[in-house]
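K.L.:
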Amino acid sequence: MQIYLVGGAVRDRLLGKPVKDRDWVVIGATEADMTSQGYQRVGADFPVFLHPETREEYALARTERKTAAGHKGFVTHFSPDVTLEEDLARRDLTINAIAQASDGELVDPFHGVRDLEAKQLRAVTEAFREDPLRILRVARFAAQLPGFQVEEHTLDMMIDMCAHGAMDELPGERVWQELHKALQAPAPERFFQVLDAANAWSPFFVELRGAERPPLGGATAENRLAACLASLAVEDIRAFCHRAKVPNAFRDFALMVVRYGDTLRRWREVDALELAGAVSACRGYHDADNLRPLLAYLRWRFECELSDLLAAVARSNVEVHARQFSETGPALGAALVRARAQLLRDAQRLQ
Ligand code: CTP
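Using our numbering, read the sequence shown as starting at -16 and increasing by one per residue.
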């Protein structure tokens, strides 16, 4: 049996990037060969094994044949006579179809090294079309590898796939997985540029088509997503997040930005009652520190310094806590709102 390092690990090593997961392909072995050497079988759809010590993934070489719609509609064929080249041929991009032998020698039948040097995201074969997830993978690689371009024929395939509804087949979970990687990447805006070039907005990203997209550099994934959604209506943010399986924490932060970002940003000018309502909705009266993520977003996005507001809310929390109120029940609630608004009004006047 021969074992090769494949996929992202080879690509990232050649790019001089840190390698996260190492995937291995095994040629000329049966399942019994693997288990007799202590590997543990894990794959449900095809034979993948965990190394007894490193726990890294070792897959038997396989070929795939499309049998149904969707990115899981494949029949896989594996046997000891599937060659390395056949296994590499089923992969998405040439830069992901390079194998490395244990002596370090590269096996690169589809010229992935050349495409790494030329910064090309190029499909290995026409079989690229068979997996709609690859459209989003290409968009995500464009975000992760600045300077890389989608090769022309590959883009044509993506356009054609989208025109035939390929994206409709994807589960929302996979959409979020790729979007999340893109949001953490050096150039997240490239993800949306590739979606645009391939006309891949429908069905998952329809609300984002044509939306304002500010520069996204130097921020967290949460801030970046919120910035991409900031020009949308609340119900459109909800619809998009539901469809693309955006985690609640990301969705709720984006909603907070849309609902209260402007009020906090213009806090010196707005009505104090409105400001108190926004602070309260952001749970700033529970703990002023709850405002920090939104204030950090506003600082990143608009370069506005809001530490005076944070200090004013923290001060008002201390004062309201220390004050004796004679009211009870709903009247107490109203008195608290009045007191807080008055404290914010005082803070607004301080320069
Ligand atoms: N692959 C593919 N088509 C897919 C998913 C994966 O051809 N839809 C192949 C590629 O060769 C890829 C390898 O399987 O390199 C491993 O996939 P995965 O670990 O999901 O991605 P990586 O390319 O390793 O990238 P990353 O780890 O950065 O997500």
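Where a beta carbon is used, it is the ideal one built from N, C-alpha and C, also for glycine.
Only counting the same chain, and skipping five residues up and downstream in sequence, which positions put a Cβ closer than 7 angstroms to that of Y22?
P.N.:
F32, L33, H34, P35, Y41
K.L.:
Between which two residues does the beta strand (DSSP E) containing L(-3) stretch?
P.N.:
It is not in any beta strand (DSSP E) - L(-3) instead sits in the alpha helix (DSSP H) that spans -9 to -3.
K.L.:
Give a yes or no on contact between the region 138 to 153 and the region 210 to 227, applying the rule of three or more CB pairs nearer than 8 angstroms.
P.N.:
no
K.L.:
Does the pairing of the region 169 to 177 with the region 244 to 253 give three or more beta-carbon distances under 8 angstroms?
P.N.:
no
K.L.:
Strictly by DSSP, which residues pair up with I10?
P.N.:
Residue pairing by DSSP puts I10 in a beta bridge opposite Q(-15).
K.L.:
Quick check on this structure: which residue in A271, A165, W283 has the alpha carbon closest to the alpha carbon of G201?
P.N.:
W283
K.L.:
Under three-state DSSP, which class holds F32?
P.N.:
strand
K.L.:
Name the one or two DSSP bridge partners that Q132 has.
P.N.:
Q103
K.L.:
Compute the Euclidean distance between the alpha carbons of L326 and R275, then round it to the nearest angstrom.
P.N.:
Going from the Cα of L326 to the Cα of R275 covers about 20 angstroms.
K.L.:
For the alpha helix (DSSP H) containing A317, list its first residue and its last residue.
P.N.:
312 to 332
K.L.:
Does the region 115 to 135 touch the region 65 to 73, meaning 3 or more C-beta pairs lie closer than 8 angstroms?
P.N.:
no
K.L.:
Per DSSP, which one or two residues make a beta bridge with T46?
P.N.:
H60
K.L.:
If we require 4 or more residues per run, which alpha helix (DSSP H) segments fall completely within the region 269 to 302?
P.N.:
275 to 285
K.L.:
Within 10 angstroms of its Cβ, does D91 collect 16 or more other Cβ (buried), or is it exposed?
P.N.:
Buried.
K.L.:
Do the region 112 to 119 and the region 54 to 62 meet, that is, are 3 or more Cβ pairs less than 8 angstroms apart?
P.N.:
Enough Cβ pairs lie closer than 8 angstroms, so yes.
K.L.:
Taking the runs of the alpha helix (DSSP H) that are 4 residues or longer, which of them lie wholly in the region 189 to 226?
P.N.:
Within the region 189 to 226, the complete alpha helix (DSSP H) runs of at least 4 residues fall at 204 to 212, 217 to 226.
K.L.:
Please report the distance separating the alpha-carbon of R45 from that of F29.
P.N.:
Taking C-alpha positions only, R45 is separated from F29 by approximately 8 angstroms.
K.L.:
Can R48 be considered in contact with the ligand CTP, in the sense that its beta carbon sits closer than 7 angstroms to one or more heavy atoms?
P.N.:
No, the beta carbon of R48 sits no closer than 7 angstroms to any heavy atom of the ligand CTP.
K.L.:
In this structure, how does DSSP classify A243 when only helix, strand and coil are distinguished?
P.N.:
Contrary to the premise, residue 243 reads as Tyr rather than Ala in this sequence. The answer is helix: DSSP assigns Y243 an H, G or I state.
K.L.:
Could you please give the first and the last residue of the uninterrupted alpha helix (DSSP H) stretch that includes L166?
P.N.:
155 to 166
K.L.:
To the nearest angstrom, how far is the alpha carbon of Q167 from that of L199?
P.N.:
10 angstroms
K.L.:
Does DSSP put A82 in a helix, a strand or coil?
P.N.:
strand
K.L.:
In its own chain, which residues sit with a C-beta less than 6 angstroms from the C-beta of G95, not counting the 5 before and 5 after it?
P.N.:
T77, I78, A80, I81
K.L.:
Going along the chain, which residues of its own chain have a beta-carbon closer than 7 angstroms to the beta-carbon of A273, five neighbours each way excluded?
P.N.:
The amino acid at residue 273 is misidentified as Ala; the sequence shows Asn. For N273, where only same-chain residues beyond five positions count, the Cβ hits under 7 angstroms are C265, R266, G267.
K.L.:
Taking 7 angstroms as the cut-off, is the C-beta of R173 nearer than that to any heavy atom in the ligand NAD?
P.N.:
The ligand NAD is not part of this structure, which contains only the ligand CTP.
K.L.:
With DSSP run on the structure shown, which of helix, strand or coil describes E40?
P.N.:
It is a strand residue.
K.L.:
If I'm right that Q331 touches A255 with Cβ under 8 angstroms, what's the distance once you round it to whole angstroms?
P.N.:
7 angstroms
K.L.:
Suppose you measure from the CA of R117 to the CA of G87; what does that come to, to the nearest Å?
P.N.:
28 angstroms
K.L.:
Under the three-state reduction of DSSP, which class applies to V90: helix, strand or coil?
P.N.:
strand
K.L.:
Identify whether Q342 lies in helix, strand or coil by the three-state DSSP scheme.
P.N.:
Here the chain has residues from -16 to 334 only, and residue 342 is not among them.
K.L.:
With which residues is L76 paired in a DSSP beta bridge?
P.N.:
Listed as beta-bridge partners of L76 by DSSP are A106.
K.L.:
Could you tell me whether the Cβ atoms of V(-11) and V8 are closer together than 8 angstroms?
P.N.:
Yes, these two residues count as a Cβ contact at 8 angstroms.
K.L.:
Name the residue from F61, M239, R120 whose alpha carbon lies nearest to the alpha carbon of E14.
P.N.:
F61
K.L.:
Please determine whether the Cβ atom of H54 lies at a distance below 7 angstroms from any heavy atom of the ligand CTP.
P.N.:
Placement of the Cβ of H54 at a distance of less than 7 angstroms from at least one heavy atom of the ligand CTP is found.
K.L.:
Does DSSP put Q176 in a helix, a strand or coil?
P.N.:
helix
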